Amino acid sequence: MLGGFRLEGDELKFDDLAETHGLRGPEAQTVEWFQFRNIPSDMNAIANYNLFALPERVADADTGSYFVAHGLTPRLSMESPPSTVT
């Protein structure tokens, strides 16, 4: 489980709560980025980008733009669903 999402400089950071509370050891995390458009309500993937550093499209976006970072663990299961932050 992930929480405490924040931007530090130009990088997405988070806390791995399961590791913090001793429920398991550290796990590698990956991220997928999407641009969200309210009208029509849809999300477009930012292709070929899975780094925690902000994609250029995000860093250069106009005020009022929305983006989604969808965090994944290597083993997805019902016990460990993906985390999403906007």
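Start counting the sequence shown at 1212; every next residue gets the next number (the numbering used here). Where is the CB? At the ideal position from N, CA and C, for every residue including glycine. It should be emphasised that the depicted structure is a prediction, and the values quoted were computed from it without experimental measurement.
#1: Helix, strand or coil: which one does DSSP assign to residue 1229?
#2: Sort 1215, 1278, 1239 by Cα distance to residue 1246 and report the nearest one.
#3: Given a threshold of 16 other Cβ atoms within 10 Å of its Cβ, counted over all protein chains shown, does residue 1213 qualify as buried or as exposed?
#4: Can the beta-carbon of residue 1255 be found less than 8 angstroms from the beta-carbon of residue 1242?
#5: Where do the N-terminal and C-terminal ends of the alpha helix (DSSP H) with residue 1239 fall, by residue?
#6: In the DSSP assignment, find the unbroken beta strand (DSSP E) run with residue 1272 in it and report its ends.
#7: Out of 1232, 1276, 1259, 1237, which one is the CA nearest neighbour of residue 1250?
Based on what the coordinates show:
#1: helix
#2: 1278
#3: buried
#4: no
#5: Where residue 1239 is concerned, there is no enclosing alpha helix (DSSP H), given that its DSSP letter is neither H nor E.
#6: Note, residue 1272: premise wrong, no beta strand (DSSP E); not H, not E.
#7: 1276
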